[in-house]
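Chemist: In terms of the working numbering, the numbers along the sequence shown are unbroken and rise by one, the last being 170.
Every residue gets a Cβ at the ideal spot worked out from N, C-alpha and C, and that includes glycine.
Starting off with a structure, shown below.
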Amino acid sequence: VATDTLDRPQRETATTAAPPVTADVDINIPTTTKTNEETVVVIFANENYKNEAKAQYAINDGRIFKKYCTETLGVPDRNIHIVENATLSDMQREISWLGRVVSAFEGDARIIVYYAGHGMPDEETGNAYLLPVDGASTKVQTGYSLKTFYADLSEMSTQSVTLFMDAC
3 VATDTLDRPQ RETATTAAPP VTADVDINIP TTTKTNEETV VVIFANENYK NEAKAQYAIN
63 DGRIFKKYCT ETLGVPDRNI HIVENATLSD MQREISWLGR VVSAFEGDAR IIVYYAGHGM
123 PDEETGNAYL LPVDGASTKV QTGYSLKTFY ADLSEMSTQS VTLFMDAC
């Protein structure tokens, strides 16, 4: 217990917020002077689920990945969409946006998609799904099928598609 200048006991105060967790990859991000105008990025950072456990650190991971895209890869900020706590319609809308933007590059674009959040399997078929924040792991129809996701991306005329997934 601390004391004030009159040596009277002072109440200790506890902080309610946990200290920020910083990993070594979150700091000292390498930088480049190059600009990567032909690269388009969509980041999904799903952390706060309505029907499932929280996917801790997903939002932080998405934000740090965006920093790597801008600072290390030289992707202009205007070429990056980050969606925190995306619903199924948010995810579908962003993939549609990606397709429209990429078509303007007439085959010269590169795509990067990053997903942090829950995934889920269909126990009967073995198919995998990305779980939007409004989805339920017990109902595969509330998820974004990886088969559909991959098909949507493969239909886009690009130089390359790079996909990062952090999902169970």
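With DSSP as the reference, identify every bridge partner of Pro123, one or two as the case may be.
Modeler: Ala130
Chemist: So, for Cys170: in the same chain, excluding its five sequence neighbours on each side, which residues have a beta-carbon less than 6 Å away from its beta-carbon?
Modeler: Gly121
Chemist: Here's a check: name, in chain order, each residue in its chain whose Cβ is nearer than 6 Å to the Cβ of Ser159, leaving out the five neighbours to either side.
Modeler: Gly109
Chemist: Is the beta carbon of Cys71 sitting closer than 8 Å to the one on Val27?
Modeler: It is not a contact, given that the beta carbons lie outside the stated cut-off.
Chemist: For Val85, collect the residues of the same chain with a Cβ closer than 8 Å to its Cβ; drop the 5 residues on either side in sequence, then sort them by chain order.
Modeler: Val44, Ile45, Phe46, Ala47, Asp92, Met93, Glu96
Chemist: Quick one: using the 10 Å Cβ neighbour count with 16 as the cut-off for buried, is Asp63 buried or exposed?
Modeler: buried
Chemist: Is Ile66 a contact residue of the ligand FAD, with contact defined as CB to any heavy atom under 7 Å?
Modeler: Here there are no bound small molecules, and the ligand FAD is not part of this structure.
Chemist: Please report how far the alpha carbon of Arg102 lies from the alpha carbon of Leu90, in whole angstroms.
Modeler: Approximately 19 Å between the Cα atoms of the pair.
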